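Down below is the structure, laid out as C-alpha cells.
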Amino acid sequence: MRGWNGVAAATLLRKEVRRFTKVWLQTVLSPLVTTSLYFLVFGVALGSRLRTVDGVPYVNYVVPGLVMLAMISNSFLNSSSSLFQSKVNGTYVDLLVAPLGAQEMLYAYAVAALIRGHLVAVMVWAVAVTFIGFELSHPAWTLFFSVAVCLTFGALGLVVAIWAEKFDQLAVVPNFVLTPLTFLGGVFYSVDMLPSPWNAVSAANPMLYMVNGLRFGIIGISDVPVLRCAAVVLPCAVAANLAAWALLRSGTKFRT
Amino acid sequence: MRNSAPPLVLDGVTKRFGSRTAVDQVSLQIEEGEIFALLGPNGAGKTTLISCVTGLARATSGRIEVFGHDVVRAYRTTRRLVGLVPQEINFDPFFTPRESLLNQMGFMGCPPDPEWVDTLLKTFALYDRREAYTRSLSGGMKRRLLVAKALVHRPRLLFLDEPTAGVDVQLRQDLWTEVLRLKREGTTIILTTHYLEEAQQLADRIGMIRDGRLLVVDDRANLMNRHHEAAKVRLTLAGPLSRVPEGIQGVLSTPTELEAAWHTPEELERVIARVRYHVDIVDLQVRQVTLEDVFLQMMAPGQHGPAADSSPGASS
C-alpha cells in the first residue's frame, strides 16, 4: 500500500454517506419498516404463542437476529448499488482519474456501508426496545460483531458490484445467498431446535456465527461459544476486505 | 516549484486488447503551453492513448511520463497534474453541479474551495443551476459540467476528448474561448476532435493517428505546406478555351471552366495572368488547402504517412 490520500478518502466517504441519506426513504426507512414488520409479526404476534428459547422470551430472542439481518442487507446494498451505479452511469471515471488508491476506495465504501448498516440496525433495535425494553449484555462484543459484519458485507458488496455486468446479477447475491443464509443462520430459531443433520449443516453457515455473536452481545445467550463466533467472523471480515482491495487495486472490470 | 520536464512524454507506448493492438509503439513529446490536436478516425486509438495517460487504462508496454513522473509508479502525482474531459457524458444523478465539483475537487486531493467552484460554475454558465440535480441539466450543460470538473483541481495538462461532439455552435465557441484562455495561463492542452476546422484554428501542433500508429506529428503550418499541392483555383471564363494554356497544371471541366493547381501565391498570380492572356475571367474561386485535405490524404488506404518528422521529440 503506497500512500494515503486523506482528503480524497474523506470526500468519497462523505459522498457515499450523502448518497444514501439523500434517498433515505428507500435506503433507511424502507428497510426499517420491513425489518420492524418481521419483528412485529414473528416476534410480537406469533412469539406470544411460543415458549421461551434458552430461557429467553421468544420476542426478545429474535431481536438480535433481525438487527443482524438489517446490518447485513443494508451494508451490502450500500456499497454494491453505489459502485455498480457508478459503473453504469460512467462516473467511476471520476475516481479512476483521481490520485486515489484502492485502500482509500475500500475505506470509503466500507465505512459508508458500516454507517448505513448501523443506522438502520439501531433504528430497528430502537423499535424493538419500545416493546421489550432496553437490554445490552455485552456492549464490547455487540460493537465487535456489528462492526466486523458491516465491514464484511460492505466489502463483499464491492466485490459483487465489480463482478456484476447487469442489475440482475447484482440482485442475485442478496436474494439467493445473503437472505437465505441469514434466515438459516438462526435469526428466528436456535440451531438446537433443528433435527440432525441440519443442525450440523448449519455449522457451515458463517451467518450462524454472526447472528449468534450479536445475540450474545445483546441478550447474553448464543448457540455457539462467542469466541468461536469471533474466530469465524474476524477472518471473514479480513478475507472480504482483502478480496475487495485486491480487485480495486487490479482495476478488474474498471481499468482496461 | 515547477519542474522543467515536458508535460508529456510517450515512449514506445503500446496497448493491446487480446490480439488487437489499439495503440502501437507511439512515441511523442508534448511541449509546455501548447495545444496539441490528436486526430484520427473512429477507432484509431486516440481515446485509448489518452486513457493510458489519465489512468483509465494501463499501457501494455512503453513509458509514459507526465512532467517527468511515471504514470504508473507515481500515479498519485501525475493524476493531480492531469485533467480529463471524457468523450462520454457522465453525471451522478444524486448530486447537484456544485456538489459534483466539490466532490471531484476532494477526489483530486484538494481541500474544498467553494469560491473556486463558484468561479467555475459562473465561467461555464452553470451558476444559476448550481443547486439543481445534474440529471435535470440539458446535454450542453452536462458537457460544460464535465469540463468544469476536469478543471476543478487546476491541472497543468488537460485532455479534451471530443469535447464538442454533439454540442451547438455557441457552446463550441464558448468552449474554445475558454481553452484559449487556459492556454494563455500556461495550461498544456491535448484535444481530439472530429471537427477538423477547430483543430486547424486552435492547434499549435497536430498528430494524426490511424490503426493505433502515429502517422505524423508536425506544426500546423508545416503540415499544411507539405500538402500544398492540393490547392486549386477554379476559373469561370468569358469565352471557351480549346485546351489548357501552356505552363498551367489543370483541366478544363467545360470549355469555360478551368481548374488549375497552384503552390505559391506567385504561381497563382501567374496562372491568372496566363489565362487572361487568352480570355477574360468572369469568376474565380480559390480553394485553400484545409486540414481536412491533409487528413483525408493521410488516412487514405495505403498511406503510411511521412517517414520522418520535423518535430523534435516526435516520431511515428
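Chains as they are written, first to last, in the numbering used here: chain A, 1 to 256; chain B, 1001 to 1316.
Just so it is clear, CB atoms sit at the ideal spot from N, CA and C, and this is done for glycine as well.
Keep in mind that this is a model prediction, so the values were computed, not measured.
Exercise for review: Hey, could you find the ends of the beta strand (DSSP E) residue 1016 of chain B is sitting in?
Suggested key: For the purposes of this step, residue 1016 of chain B is identified with residue 16 of the second sequence, where counting begins at 1. Element bounds for residue 1016 of chain B: 1008-1017.
Exercise for review: In angstroms with no decimal places, state the Cα-to-Cα distance between residue 54 of chain A and residue 144 of chain A.
Suggested key: Along the first sequence, one-based indexing puts residue 54 of chain A at 54. Along the first sequence, one-based indexing puts residue 144 of chain A at 144. When rounded, the distance between both Cα atoms is 23 Å.
Point to revise | Beta carbon proximity, residue 17 of chain A to chain B, threshold 8 Å | key: Against the first sequence, residue 17 of chain A aligns to sequence position 17. Cβ-Cβ to chain B under 8 Å: no for residue 17 of chain A.
Point to revise | Where the segment 1103-1117 of chain B meets chain A: residues whose CB sits under 9 Å from a CB there | key: 1103, 1104, 1105, 1106, 1107, 1108, 1109, 1110, 1111, 1112
Practice item. Spell out whether any CB of chain A is found under 8 Å from the CB atom of residue 1138 of chain B. Key: For the purposes of this step, residue 1138 of chain B is taken as the residue at position 138 of the second sequence. Judged by the 8 Å Cβ criterion, residue 1138 of chain B is not in contact with chain A.
**Study point:** Contacts of residue 1086 of chain B in chain A (Cβ-Cβ under 7 Å)
**Key:** Walking along the second sequence from the start, residue 1086 of chain B turns up at place 86. In chain order: 93.
Check your understanding: So, does the CB of residue 1042 of chain B fall closer than 8 Å to a CB anywhere in chain A?
Key -> Sequence index remark: in the second sequence, residue 1042 of chain B carries index 42 (1-based). It does not: the Cβ of residue 1042 of chain B has no partner Cβ on chain A nearer than 8 Å.
Exercise for review: At 7 Å on the CB atoms, spell out the chain A contacts of residue 1129 of chain B, in chain order.
Suggested key: Looking up residue 1129 of chain B in the second sequence gives position 129. Correct list: empty, because the minimum Cβ distance to chain A is about 18 Å.
**Study point:** Opposing strand residues paired with residue 1021 of chain B [DSSP bridges]
**Key:** On the second sequence, residue 1021 of chain B is found 21 positions in, with the first residue counted as 1. In DSSP, residue 1021 of chain B forms a bridge with B:1016.
Exercise for review: For chain A, find out if any of its Cβ atoms is closer than 8 Å to the Cβ of residue 1091 of chain B; answer yes or no.
Suggested key: Position 91 of the second sequence, counting from 1, holds the residue named residue 1091 of chain B. Residue 1091 of chain B counts as touching chain A.
Check your understanding: Going along the chain, which residues of the segment 1055-1066 of chain B sit with their C-beta nearer than 9 Å to a C-beta in chain A?
Key -> 1055, 1056, 1057, 1058
Practice item. Could you tell me whether the segment 244-255 of chain A touches the segment 162-178 of chain A, where touching means 3 or more Cβ pairs closer than 8 Å? Key: yes
Point to revise | Where the beta strand (DSSP E) containing residue 1039 of chain B begins and where it ends | key: The residue given as residue 1039 of chain B occupies position 39 in the second sequence. Unbroken beta strand (DSSP E) run through residue 1039 of chain B: 1035-1039.
**Study point:** Helix, strand or coil at residue 1108 of chain B [DSSP, three-state]
**Key:** Locating residue 1108 of chain B in the second sequence gives position 108, where the first residue counts as 1. It is coil, neither helix nor strand.
Check your understanding: If residue 133 of chain A sits next to residue 78 of chain A, beta carbons under 8 Å apart, how far is it from one beta carbon to the other, in whole angstroms?
Key -> Here residue 133 of chain A corresponds to residue number 133 of the first sequence, with the count starting at 1. Here residue 78 of chain A corresponds to residue number 78 of the first sequence, with the count starting at 1. 30 Å between Cβ atoms; not a contact.
Exercise for review: Taking all protein chains shown into account, decide if residue 1122 of chain B is buried (16 or more other Cβ within 10 angstroms of its Cβ) or exposed.
Suggested key: Within the second sequence, residue 1122 of chain B is the residue found at index 122, counting from 1. Exposed.
Point to revise | Nearest-angstrom Cα separation, counted from residue 1112 of chain B out to residue 1134 of chain B | key: Taking the second sequence and counting its residues from 1, the one referred to as residue 1134 of chain B is at position 134. Taking the second sequence and counting its residues from 1, the one referred to as residue 1112 of chain B is at position 112. Rounded to whole angstroms, residue 1134 of chain B to residue 1112 of chain B spans 20 Å at the Cα level.
Check your understanding: Does residue 1051 of chain B come within less than 8 Å of chain A when only Cβ atoms are used?
Key -> What you label residue 1051 of chain B is simply residue 51 of the second sequence in a count that begins at 1. Yes - at least one Cβ of chain A is within 8 Å of the one on residue 1051 of chain B.
Point to revise | Euclidean distance between Cα positions of residue 1241 of chain B and residue 1258 of chain B | key: Position 241 of the second sequence, counted from the first residue, corresponds to residue 1241 of chain B. Position 258 of the second sequence, counted from the first residue, corresponds to residue 1258 of chain B. Taking the straight line from one Cα to the other gives about 9 Å.
Check your understanding: Quick one: does residue 1124 of chain B have its CB under 8 Å from some CB of chain A?
Key -> Position 124 of the second sequence, counting from 1, holds the residue named residue 1124 of chain B. No, residue 1124 of chain B lies away from the interface with chain A (no Cβ there is under 8 Å from its Cβ).
**Study point:** Residue environment, residue 182 of chain A, which counts as buried when at least 16 other CB atoms sit within 10 Å
**Key:** As a first step, residue 182 of chain A must be located in the first sequence, where it is residue number 182. Its Cβ being crowded by 16 or more others within 10 Å, residue 182 of chain A is buried.
Review point. What does residue 1061 of chain B pair with, by DSSP beta-bridge criteria?
Key: In the second sequence, residue 1061 of chain B corresponds to position 61, counting from 1. According to DSSP, residue 1061 of chain B bridges with B:1014.
Practice item. Taking only beta-carbon positions, decide if residue 1 of chain A is within less than 8 Å of chain B. Key: The count along the first sequence starts at 1 and reaches residue 1 of chain A at position 1. Here the model assigns residue 1 of chain A a pLDDT of 42, short of 50, so the residue's position is not dependable and the matter cannot be decided.
Review point. Roughly how many whole angstroms lie between the Cα atoms of residue 45 of chain A and residue 36 of chain A?
Key: Residue mapping note: residue 45 of chain A aligns to position 45 of the first sequence, counting from 1. Residue mapping note: residue 36 of chain A aligns to position 36 of the first sequence, counting from 1. Roughly 12 Å between the two C-alpha positions.
Review point. Mind listing which residues of the segment 76-90 of chain A have their C-beta closer than 8 Å to chain B's C-betas, in chain order?
Key: 86, 89, 90
Review point. Under the rule that 16 or more other beta-carbon atoms within 10 Å means buried, what is residue 1096 of chain B, buried or exposed?
Key: To locate residue 1096 of chain B, count along the second sequence from 1; it is residue 96. So residue 1096 of chain B ends up on the buried side.
Point to revise | Burial state of residue 1001 of chain B (16 or more Cβ within 10 Å) | key: Translated into the one-based positions of the second sequence, residue 1001 of chain B becomes position 1. Confidence at residue 1001 of chain B is low in this model, with a pLDDT of 48, below 50, so the placement of that residue should be treated as unreliable; the coordinate-derived value is given next. Exposed is the call here.
Practice item. Go through its chain and collect everything with a Cβ distance to residue 957 of chain B's Cβ below 6 Å, but skip five positions before and after it. Key: Not covered by the structure: residue 957 of chain B. The range shown for chain B is 1001 to 1316.
Check your understanding: How big is the Cα-Cα spacing for residue 1310 of chain B and residue 1218 of chain B?
Key -> For the purposes of this step, residue 1310 of chain B is identified with residue 310 of the second sequence, where counting begins at 1. For the purposes of this step, residue 1218 of chain B is identified with residue 218 of the second sequence, where counting begins at 1. Note that residue 1310 of chain B has pLDDT 39, beneath the 50 cutoff, so the model's placement of it is unreliable and the number below is only indicative. Rounded to whole angstroms, residue 1310 of chain B to residue 1218 of chain B spans 6 Å at the Cα level.
Point to revise | Nearest candidate by alpha-carbon position, reference residue 1163 of chain B, set B:1142, B:1043, B:1153 | key: Locating residue 1163 of chain B in the second sequence gives position 163, where the first residue counts as 1. Checking every option, the nearest Cα to that of residue 1163 of chain B belongs to B:1142.
Check your understanding: For residue 1076 of chain B, which residues in chain A fall below 7 Å Cβ to Cβ?
Key -> Position 76 of the second sequence, counted from the start, is the residue given in the question as residue 1076 of chain B. Within chain A, the residues near residue 1076 of chain B are 3, 5, 99.
Point to revise | Collapsed DSSP secondary structure at residue 215 of chain A in the structure displayed | key: Against the first sequence, residue 215 of chain A aligns to sequence position 215. Of the three classes helix, strand and coil, the one that applies to residue 215 of chain A here is helix, per DSSP.
Practice item. Taking only the alpha-carbon atoms, compute the straight-line gap between residue 250 of chain A and residue 220 of chain A and give it to the nearest angstrom. Key: What you label residue 250 of chain A is simply residue 250 of the first sequence in a count that begins at 1. What you label residue 220 of chain A is simply residue 220 of the first sequence in a count that begins at 1. One C-alpha to the other measures close to 43 Å.
Point to revise | Unbroken beta strand (DSSP E) run spanning residue 1257 of chain B, endpoints | key: Working through the second sequence from its first residue, we reach residue 1257 of chain B at position 257. Segment 1257-1261, the beta strand (DSSP E) holding residue 1257 of chain B.
Exercise for review: Using a cut-off of 7 Å between C-beta atoms, extract the partners of residue 1079 of chain B located in chain A.
Suggested key: Against the second sequence, residue 1079 of chain B aligns to sequence position 79. Within chain A, the residues near residue 1079 of chain B are 97, 98, 99.
Exercise for review: Leaving aside the five residues before and after residue 232 of chain A along the sequence, list all residues of the same chain whose C-beta is less than 7 Å from its C-beta, in chain order.
Suggested key: Position 232 of the first sequence, counted from the start, is the residue given in the question as residue 232 of chain A. Closer than 7 Å at Cβ, skipping near neighbours: 206, 209.
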